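Numbering (this note's numbering), first residue to last: 111 to 239.
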């Protein structure tokens with residue numbers, strides 16, 4: 111990945127956002143982090159619509175599964191079929207360990223899966239690939 115790595119974090123939980131920010135800081139990865147707090151904002155950001163019309167393109171998406179408005183599966187479905195968006199690696203962040211959630215996300219082109227809470231030990235191996 112290029113540096114700094116542009117990361118889009120999609121999560122509605124302030125405490126999970128703080129933990130993810132801390133894990134990214136501890137990883138030492140040179141990054142620029144953009145945070146949106148629901149799936150609708152994520153789709154607008156990725157589509158460069160509304161207040162995100164001048165947004166950059168992320169190199170990596172950290173995507174919460176359970177969010178208001180549109181969930182992580184809906185964001186993945188919106189990305190599917192768009193060649194530019196399908197190329198962006200997506201790490202699903204969730205407390206769910208339900209096999210059907212993981213299987214569905216894999217079918218929608220999720221690349222990695224991390225159980226919350228996020229920490230540097232879970233995130234660092236993904237950031238170095």
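Glycine included, every Cβ here is placed at the ideal spot set by N, Cα and C.
Fair warning: this is a prediction, and the values are worked out from it, not measured in the lab.
Determine the direct distance from the alpha carbon of residue j to that of residue i, and round the result to whole angstroms.
{"i": "residue 150", "j": "residue 179", "result": "6 Å"}
{"i": "residue 169", "j": "residue 120", "result": "14 Å"}
{"i": "residue 127", "j": "residue 191", "result": "28 Å"}
{"i": "residue 160", "j": "residue 137", "result": "32 Å"}
{"i": "residue 226", "j": "residue 188", "result": "24 Å"}
{"i": "residue 124", "j": "residue 199", "result": "23 Å"}
{"i": "residue 207", "j": "residue 182", "result": "14 Å"}
{"i": "residue 177", "j": "residue 184", "result": "10 Å"}
{"i": "residue 196", "j": "residue 129", "result": "27 Å"}
{"i": "residue 163", "j": "residue 153", "result": "12 Å"}
Quick one, are the C-beta atoms of residue i and residue j less than 8 Å apart?
{"i": "residue 174", "j": "residue 213", "result": "no"}
Since I believe residue j is in contact with residue i (beta carbons under 8 Å), could you give me their beta-carbon distance rounded to a whole number of angstroms?
{"i": "residue 148", "j": "residue 115", "result": "Not a contact, Cβ separation roughly 23 Å."}
{"i": "residue 194", "j": "residue 202", "result": "So it is not a contact: roughly 20 Å between Cβ atoms."}
{"i": "residue 186", "j": "residue 144", "result": "That belief does not hold up - the Cβ atoms of residue 186 and residue 144 are roughly 18 Å apart, past 8 Å."}
(request) Decide yes or no for the touch test of the region 129-138 against the region 216-233: beta carbon pairs closer than 8 Å, at least 3 of them. (result) yes
(request) Please go through the region 115-157 and give each complete beta strand (DSSP E) segment of 3 or more residues, from N-terminal end onward. (result) 115-120, 141-146
(request) Report the residue ranges of all beta strand (DSSP E) runs contained in full by the region 146-222; include only those spanning at least 3 residues, in chain order. (result) 170-174, 200-204
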